[in-house]
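One structure below.
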Amino acid sequence: MLVFSLIAVAFSSVFVHVLATSCTRTYTVQIGDICDSISAANNVSTYQLAVVNPEINHDCTNLLPGQQLCLGHSGTDCTTTYVVKPNDDCNIVSSAYNINATVLSHNNPQLNADCSNMYIGEVLCVAGAVTVSPPEGQPPATNIPAIATPAKPYHTGSPDHHDDGDDDDLPWCD
Ligand SMILES: *[C@@H]1O[C@H](CO)[C@@H](O)[C@H](O)[C@H]1NC(C)=O
Ligand SMILES: *[C@@H]1O[C@H](CO)[C@@H](O)[C@H](O)[C@H]1NC(C)=O
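Sequence positions in the sequence shown follow mature numbering (1 follows the signal peptide of the UniProt record, and there is no 0) and run -20 to -1, 1 to 154.
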């Protein structure tokens, strides 16, 4: 992991001028920023922010205040975005924006097939056509960040909420 980060940093400083010329939007990291707060505030998807800034590590723990980020590249900059809410899934998001599963998946290739890794606060590209570049090199991370919550609660096969009218713990029922 450290080796990958060092390679990413070296790679990005060599090509910083090349990348800067094709950036349609840039952002300067502020104290307290996390990747998804930057994404939500600037209408840039979680995937796009990661793919155009390969120097950011998978868990987004290496942002530095003052660091300049590219938010999108000309021709592949998706600016139509949606922030995932509790209980969302791919079908809900696709129908809300009248796009099909193919387009949603192309523009958000980190989502897995059953959409179970969609998490609250994740920023999705919901453009009606394919705009985002496919991943180059390493595939996108598909894990839910350690600090995030899945959009759909996991079901283990048993009801996760019991409302059986049991009043054992009511203080006046001793
Ligand atoms: C993000 O998109 C929303 C909805 O289209 C818009 O109201 C808002 O101004 C946009 N914000 C930025 C920073 O572009
Ligand atoms: C999904 O939508 C795109 C854009 O409208 C279209 O080009 C594509 O054919 C659609 N795919 C399917 C499987 O319906």
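Quick reminder that beta carbons are idealized off the backbone N, C-alpha and C, glycines included.
Worksheet entry | residue 130 beta carbon less than 9 Å from that of residue 97 | Cβ atoms of residue 97 and residue 130: closer than 9 Å.
Worksheet item: Alpha carbon to alpha carbon, how far is residue 104 from residue 128?
Response: Annotation: residue 104 to residue 128 spans about 15 Å, alpha carbon to alpha carbon.
Discussion item. Quick check: is any heavy atom of ligand 1 less than 8 Å from the C-beta of residue 59?
Written reply: Yes, the beta carbon of residue 59 sits closer than 8 Å to at least one heavy atom of ligand 1.
Worksheet item: Are the Cβ atoms of residue 14 and residue 51 separated by less than 9 Å?
Response: Using a Cβ distance threshold of 9 Å, residue 14 and residue 51 do not count as a contacting pair.
Worksheet item: Sorry if obvious, but does the Cβ on residue 11 come closer than 8 Å to a heavy atom of ligand 2?
Response: For residue 11, the CB stays at least 8 Å from every heavy atom of ligand 2.
Discussion item. Restricting to runs no shorter than 4 residues, where is the alpha helix (DSSP H) found entirely within the stretch 39 to 97?
Written reply: You should have 70 to 76, 81 to 87.
Discussion item. For residue 26, report the span of its alpha helix (DSSP H) as first-last.
Written reply: According to the DSSP assignment, residue 26 belongs to the alpha helix (DSSP H) that extends over 26 to 32.
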